[in-house]
Amino acid sequence: MGTYGQLILALKEDHRAEEVHKISVFVQFWKLFRDIESYDRTATDKLIVQKVADAYELLGLPEDKKRILDKYDYLFNESSRLNFKISKTNSGKKRAKNTRLKMKVVEKIRAAEVEDMPLFSFEYFPPKTNEGVKNLFERMERMVSYGPSFCDVTWGAGGSTANLTLDIANRMQNMVCVETMMHLTCTNMPVEKIDHALDTIKANGIQNVLALRGDPPHGQDKFIQVAGGFACALDLVQHIRAKYGDYFGITVAGYPEAHPDMIQGEEGVSLEGLMLVQILSLPNSSMTPISSSSL
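Position 213 (the sequence shown) corresponds to 216 in our numbering; numbering is contiguous.
Now the structure itself:
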């Protein structure tokens, strides 16, 4: 029995019918939201969207109901319906271009938790040659056929591969048709360059960002804040939230044993205060880096 099933059983034993009803609606909502990723635009899609909106209403979330109806307005409005192309992948399966309904990574994680299902992703880094880029996409097509929940692409040290990363991210999202998360670092990145990167991926329909401070540039031992840039990932997250609202799903790196450059020993700075600042910056999720020769 999954986690939500155990919770419903416990609530039933306590005769808490209202909570049981809301959780049941919530579970139904996520099942519908998973189904809404269907590539084909049919009347069934409209029905699913409407049911998701109704689920939000039952949960007492009118703003979310309006958001979901606005987001998928093109299903109800013929004049704004997206045109799409069908292409064949290397595996021979048909895939629709530019029609997949997007989900933030955090939404996929929550859906997997509700369904008690495993979730995995693939990470790619920008190749150094044109031939390497060609090989990357050939391999990516094969790997995506295994059904990753999303894929991410790294940001070169100090923004050295910025243009290539932006191009790869765009092609991943709109040609390979896999939910894409782009890394973005603070290293050698004044705010103008950061905004250019964010504006570009937003225009390309990408809504997932892994916000990182980044390693020191090659040849340097310590990270140095660039003029007009940010000192740490927290500053970057706060900037993204302030400028773009909740458009982006933001992921950060998690360090269970603390980052080696963590703030420590400063007078007047409490752990509770630092935690509050980080909570208020509202990243959606975190990823923990690991290292293993077997991976």
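Yeah, the Cβ is synthetic: ideal placement off N, Cα and C, and Gly gets one too.
Only a predicted model underlies this, so the values are computations on that prediction, with no experimental measurement involved.
- Task: From the DSSP output, in three-state form, read off residue 208 for me.
- Result: If you number the sequence shown from 1, residue 208 lands on position 205. Correct three-state label for residue 208: coil.
- Task: Pull up the distance between the alpha-carbon of residue 273 and that of residue 251, whole angstroms please.
- Result: For the purposes of this step, residue 273 is identified with residue 270 of the sequence shown, where counting begins at 1. For the purposes of this step, residue 251 is identified with residue 248 of the sequence shown, where counting begins at 1. With a pLDDT of 49 at residue 273, under the threshold of 50, the modelled position of that residue is not reliable, and no figure is offered here.
- Looking only at its own chain, which residues have a Cβ that is under 8 Å from the Cβ of residue 229, when we skip the five neighbours before and after it? For this step, residue 229 is matched to residue 226 along the sequence shown. These residues qualify, in order along the chain: 189, 190, 191, 192 and 193.
- Check whether the Cβ atoms of residue 124 and residue 155 sit closer than 9 Å, and answer yes or no. To locate residue 124, count along the sequence shown from 1; it is residue 121. To locate residue 155, count along the sequence shown from 1; it is residue 152. Yes. Within cutoff.
- Message: Just verifying my parser: in three-state terms, what is the DSSP assignment at residue 108?
- Response: Residue mapping note: residue 108 aligns to position 105 of the sequence shown, counting from 1. Helix.
- Item | Boundaries of the beta strand (DSSP E) in which residue 127 is found, first to last residue | As a position in the sequence shown, residue 127 is number 124, starting the count at 1. Start and end: 124 to 127.
- Return helix, strand or coil for residue 140, following the three-state DSSP convention. In the sequence shown, the residue the question calls residue 140 occupies position 137. Helix at residue 140.
- Query: In three-state DSSP terms, what is residue 58?
  - Reply: Here residue 58 refers to the residue found at position 55 when the sequence shown is read from its first residue. Correct three-state label for residue 58: helix.
- Cβ neighbours of residue 203 in the same chain (closer than 7 Å, five flanking residues each side left out): If you number the sequence shown from 1, residue 203 lands on position 200. Cβ neighbours of residue 203 beyond the five flanking positions: 169.
- Provide the residue(s) that pair with residue 197 in DSSP beta bridges, ordered along the chain. Your numbering for residue 197 matches position 194 in the sequence shown. According to DSSP, residue 197 bridges with nothing at all.
- Go ahead and pull the three-state DSSP assignment for residue 67. Looking up residue 67 in the sequence shown gives position 64. It is helical.
- Query: How many whole angstroms separate the CB atoms of residue 187 and residue 200, which I take to be in contact at a CB cut-off of 8 Å?
  - Reply: Residue mapping note: residue 187 aligns to position 184 of the sequence shown, counting from 1. Residue mapping note: residue 200 aligns to position 197 of the sequence shown, counting from 1. Correct: roughly 6 Å between the Cβ atoms.
- Item | Proximity to residue 205 [Cα-Cα], best of 134, 247, 166 and 181 | Translated into positions along the sequence shown, residue 205 becomes position 202. The residue with the shortest Cα to Cα distance from residue 205 is 247.
- Task: With a 10 Å radius around its C-beta and 16 neighbouring C-beta atoms as the bar for buried, classify residue 223 as buried or exposed.
- Result: Position 220 of the sequence shown, counted from the first residue, corresponds to residue 223. Exposed: under 16 other Cβ atoms inside 10 Å.
- Item | Exposed unless 16 or more other CB atoms sit within 10 angstroms - verdict on residue 254 | In the sequence shown, the residue the question calls residue 254 occupies position 251. By the neighbour-count rule (16 or more Cβ atoms within 10 Å), residue 254 is buried.
- Item | Limits of the alpha helix (DSSP H) - the one that residue 168 falls within | Reading the sequence shown from its first residue, position 165 is the one you call residue 168. 165 to 174 is the span of the alpha helix (DSSP H), which, as asked, contains residue 168.
- Message: Within 10 Å of its beta-carbon, does residue 127 have 16 or more other beta-carbons around it, so buried, or fewer, so exposed?
- Response: Residue numbering aside, residue 127 sits at position 124 when the sequence shown is read from its first letter. Counting Cβ neighbours within 10 Å, residue 127 comes out buried, since at least 16 surround it.
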